[in-house]
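Chemist: For the sequence shown, the positions run 792 to 952 when the numbering used here is used.
Glycine included, C-beta positions come from ideal geometry on N, C-alpha and C.
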Amino acid sequence: MEEGPGTCDADAIHESELQSLMIRAINRTLARKDTVNETLQKNVETVLAGADGIPLDEIDSRLEELQKELLKVANTKGNYDSIADEIYHLREKRQNALVDNAEREGLKQRISEMQQFLAEQTQDITEYDEQLVRRLIEKITVYDEKVTVEFKSGTSLDVRR
């Protein structure tokens, strides 16, 4: 882009065409409310099923036990390498579990927002709404013949150009 638009060989899409495609994608999603809601519900179940591993309270409890044990061994000048290793390992597991939980909660929230939008919207969208698009759509990929619209809820849709 530093060289100017003449040096880029990628096809351009006009903003008005892109906005029209977004309206069509949202309206097609509205027209398939029942199917989309089923997919969203499956996505929620998948998100909840992904909550595997040791629960945080068990990790915290084990960390507390190990820290007490570490103090005892350190006070008697014993070898505490294995205890320290397990503490570091559990802290890493705990951090990963916190990140996973936050990601799951974020996805559940986005799915919930999409379900709420589908439930509240009773008619087709007639004009482009930037805030609505930002709220619902994660990513748009433009191809020669179509655009792929990926919603924040995890669903996607192809719209012909």
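Tell me, please, which residues DSSP counts as bridged to ARG957.
Modeler: Within the shown structure, residues of the chain are numbered from 792 to 952, placing residue 957 beyond reach of any answer.
Chemist: Between the alpha carbons of MET905 and ILE874, how many angstroms are there, rounded?
Modeler: Those two C-alpha atoms are separated by around 46 angstroms.
Chemist: Starting from LYS859, follow the alpha helix (DSSP H) in both directions and report where the run begins and ends.
Modeler: From DSSP, the alpha helix (DSSP H) with LYS859 extends over 847-866.
Chemist: List the residues that DSSP assigns as beta-bridge partners of GLU941.
Modeler: According to DSSP, GLU941 bridges with LYS930, SER947.
Chemist: From the DSSP output, in three-state form, read off ASP915 for me.
Modeler: Coil, per DSSP.
Chemist: Residues in its own chain within less than 8 angstroms of LEU857 by CB, not counting five upstream and five downstream?
Modeler: The residues are ILE874, GLU877, ILE878, LEU881.
Chemist: Kindly give me the distance between the Cβ atoms of ILE916 and ASN818, rounded to whole angstroms, as I take these residues to be in contact under 8 angstroms.
Modeler: 6 angstroms between Cβ atoms; contact.
Chemist: Exposed or buried, which one is LEU831 when buried takes at least 16 other CB atoms within 10 Å?
Modeler: So LEU831 counts as buried.
Chemist: Expressed to the nearest angstrom, what Euclidean distance is found between the alpha-carbon atoms of GLU921 and LEU854?
Modeler: GLU921 and LEU854: Cα-Cα distance of roughly 48 angstroms.
Chemist: What whole-angstrom Cβ distance do LEU909 and LEU821 have, given they're in contact under 8 angstroms?
Modeler: Confirmed, Cβ separation roughly 7 angstroms.
Chemist: Given TYR919, which residues of its chain have a CB within under 8 angstroms of its CB, disregarding the five upstream and five downstream residues?
Modeler: Excluding residues within five positions, the ones whose Cβ falls inside 8 angstroms are GLN810, SER811, MET813, ILE814.
Chemist: My understanding is that GLY945 touches ASN828, with C-beta atoms under 8 angstroms, so please give their C-beta distance in whole angstroms.
Modeler: Not really, about 13 angstroms apart at Cβ, beyond 8 angstroms.
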